[in-house]
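Going by our numbering, the first residue of the sequence shown is number 2, and it counts up by one from there. Ideal Cβ placement from N, Cα and C applies to all residues, glycine included. Encoded as structure tokens, the structure appears first; notes follow it.
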Amino acid sequence: MAGGGFVSQGGGTHYEGGVNSFVIVTCLVAAMGGLIFGYDLGISGGVTSMEHFLKLFFPSVYEQQAKASGGNQYCKFDSQLLTLFTSSLYLAALVASFLASAVTRAFGRKMSMLTGGSVFLVGSILNGAAVNVEMLIIGRLLLGVGVGFANQSVPVYLSEMAPAKIRGALNIGFQMAITIGILVANLVNYGTAQIKDGWGWRLSLALAAVPAIMMTIGAFFLPDTPNSILERGDMEKARQMLKKIRGLDNVDEEFQDLVDACEASKKVQHPWKNIMQPKYRPQLVICCVIPFFQQLTGINVITFYAPVLYKTLGFGDSASLMSAVISGAVNVLATIVSIVTVDKFGRKFLFLEGGIQMFICQIAVGSMIWKNFGVNGEGSMQGGIDADILLALICVYVAGFAWSWGPLGWLVPSEICPLEIRSAGQAINVSVNMLWTFVIGQLFLSMLCHMKFGLFYFFAGFVALMTIFIYWFLPETKNVPIEEMNRVWKAHWFWGKFIPEDAVIGHHVSMEPYGKGV
2 MAGGGFVSQG GGTHYEGGVN SFVIVTCLVA AMGGLIFGYD LGISGGVTSM EHFLKLFFPS
62 VYEQQAKASG GNQYCKFDSQ LLTLFTSSLY LAALVASFLA SAVTRAFGRK MSMLTGGSVF
122 LVGSILNGAA VNVEMLIIGR LLLGVGVGFA NQSVPVYLSE MAPAKIRGAL NIGFQMAITI
182 GILVANLVNY GTAQIKDGWG WRLSLALAAV PAIMMTIGAF FLPDTPNSIL ERGDMEKARQ
242 MLKKIRGLDN VDEEFQDLVD ACEASKKVQH PWKNIMQPKY RPQLVICCVI PFFQQLTGIN
302 VITFYAPVLY KTLGFGDSAS LMSAVISGAV NVLATIVSIV TVDKFGRKFL FLEGGIQMFI
362 CQIAVGSMIW KNFGVNGEGS MQGGIDADIL LALICVYVAG FAWSWGPLGW LVPSEICPLE
422 IRSAGQAINV SVNMLWTFVI GQLFLSMLCH MKFGLFYFFA GFVALMTIFI YWFLPETKNV
482 PIEEMNRVWK AHWFWGKFIP EDAVIGHHVS MEPYGKGV
């Protein structure tokens, strides 16, 4: 083996070198792609709780809200058109992620990021200038295309750029940017809601142009990943880029692994057909199940509709926006915990701990809402100790999500796929995520109206189910070089039977099965 650039350890190759300022800076710039998604997640809930916005675009909801004071609080925002404003974006992102997959494979990760930022910019201008519902929805659809491209390319870019030992921390930069985007959006909403003339919602929506410009300019200056350069056939340039990001002169071993993976990838004309083969069954299942479960934690209910939810529960206008700021700040802080611990304790530990924490909080929140509003939805929670406890429980729930399913829902699918199916795997991850974000976004206000406090028990049931799934079926992937991930699947008690011997890149494998997917 060519010496210098690696050490062999425990049956796999661990490449040395790694953490240099060039890698850190490129990953931070790329992670800004998360800002556009986060800002949008946070802004829409606040805007849809602003009265001037409702009066102008959704007068029926405005009237319904006025009637509900003192009546059934569960149903006061129930409107399919209003939820379509929020969730149309995710439908567009779903469709765009398939197009983005082809662009990412053919033109590189950088081109996808540039496209995403530019289209998002146009959408934010349209939204800020909207004069009717049609213009609003078209703007949202363009934002969705931008989000689809960014979410497809950024996590893959980060996983390919980062050295194995800090891949988790750098990849979570994407989730960190999402949470910062959400918090900034909550603060913007709090500020613009104070504008007396009622045009604050325009400012909230138009300011989405700021993260879009940051992402577009950032992407313009980013280098492409060695994997992506190789995929497009420039071997020498790919080797130079690998030397640069690893800070080493001798990268022969890792480069050879990339070349082997790329050769295997080139034989694959149809990654979509390919990912259906039995040997990719673990990756296909994980790329479908994790984003599905991520949405059924119920988190986006809190994120999109935090101000609407707090208003439904009787918090005043200003208090509901402020409460959303508080849960947004908790989200950012808890994501930092994830960055610090993910490569130390591993993905699995965080998934399990976060799941238990979210389950307890969902049950407690549902029970408190039952106690205060009963089945008929009549009651209130203005101020007082109950409102404080509810906000605290929601914050503990958000923290549990932010150091587990939030970042890991993007990290794990982006690091487990071999190069030949990586863009297809990530497109499946994004599209399943967006499909269920759309479904939950579209149905939430109706579900709240009909299932009442039981909605929180419904999500708690799914959290229990997903925690059991992770315990049995997800192997630990921390510190495993991305092109050697098949070692882990081969050694797993359940998935091992799907992985043929020759799929494990030429390093000897410890064949002891990983009990319970550990």
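Asked, Found
"Backbone secondary structure at HIS493 - three-state DSSP", "strand"
"C-alpha gap between ALA428 and ASN275, whole angstroms", "14 Å"
"Contact the stretch 279-287 vs the stretch 39-56: 3+ CB pairs below 8 Å", "no"
"Contact belief for LEU36 with PHE59 at Cβ below 8 Å, rounded distance in angstroms", "Rounded, the Cβ-Cβ distance is 27 Å, inconsistent with contact."
"Alpha-carbon to alpha-carbon, ASP198 and LYS479", "52 Å"
"Same chain, Cβ closer than 6 Å to SER266, neighbours up to 5 away in sequence not counted", "LEU420, GLU421"
"Three-way DSSP call (helix, strand, coil) for MET112 in this model", "helix"
"GLU513 versus GLY34 - alpha carbon distance", "Because the pLDDT at GLU513 is just 39, under 50, the model does not fix this residue reliably, and the point stays unresolved."
"Three-state secondary structure assigned by DSSP to PHE59", "coil"
"DSSP three-state assignment for ARG233, whether helix, strand or coil", "coil"
"Whole-number beta carbon distance between LEU314 and ILE370, since they are thought to touch under 8 Å", "7 Å"
"Sequence-distant residues of the same chain with beta carbon closer than 7 Å to ASN21, five excluded per side", "GLY248"
"Check whether THR226 and ARG106 have beta carbons under 7 Å apart", "no"
"Rounded separation between TYR472 and PHE352 - CA only", "9 Å"
"Where the alpha helix (DSSP H) containing GLU264 begins and where it ends", "253-267"
"Outcome for PHE54 when other beta-carbon atoms lying within 10 angstroms are tallied against a minimum of 16", "buried"
"At least three beta-carbon pairs within less than 8 Å, the stretch 390-403 to the stretch 299-310", "yes"
"THR217 (DSSP reduced to helix, strand or coil)", "helix"
"Exposure label - LEU206; buried when at least 16 CB within 10 Å", "buried"
"From GLY201, ILE230, ALA465, residue whose alpha carbon lies closest to that of THR193", "GLY201"
"Assumed close pair GLY140, PHE121 - CB separation to whole angstroms, cut-off 8 Å", "Wrong, their Cβ atoms sit about 10 Å apart, outside the cutoff."
"The stretch 177-187 in contact with the stretch 446-463 per 3-pair CB rule at 8 Å", "no"
"For GLY497 and PRO476, the rounded distance between their alpha carbons", "11 Å"
"Three-state secondary structure assigned by DSSP to ASP79", "coil"
"Straight-line Cα distance separating LEU184 from GLN358", "22 Å"
"CA-to-CA distance, SER88 to GLY367, given in whole angstroms", "24 Å"
"Any alpha helix (DSSP H) of 4 or more consecutive residues that is wholly inside the stretch 366-440", "385-403, 406-417"
"Which listed residue (SER113, ALA210, PRO224) has its alpha carbon closest to that of MET162", "PRO224"
"Under the three-state DSSP convention, the category ILE520 falls into", "Coverage of the chain is limited to positions 2 through 519, which leaves residue 520 absent and any answer about it impossible."
"Reference LEU322, options ASN187, GLU255, ALA504, LEU100, closest by Cα", "ASN187"
"Beta-carbon proximity check, GLN153 vs VAL431, cutoff 7 Å", "yes"
"Residues near PHE256 by beta carbon distance below 7 Å, same chain, minus five either side", "ARG240, LEU243"
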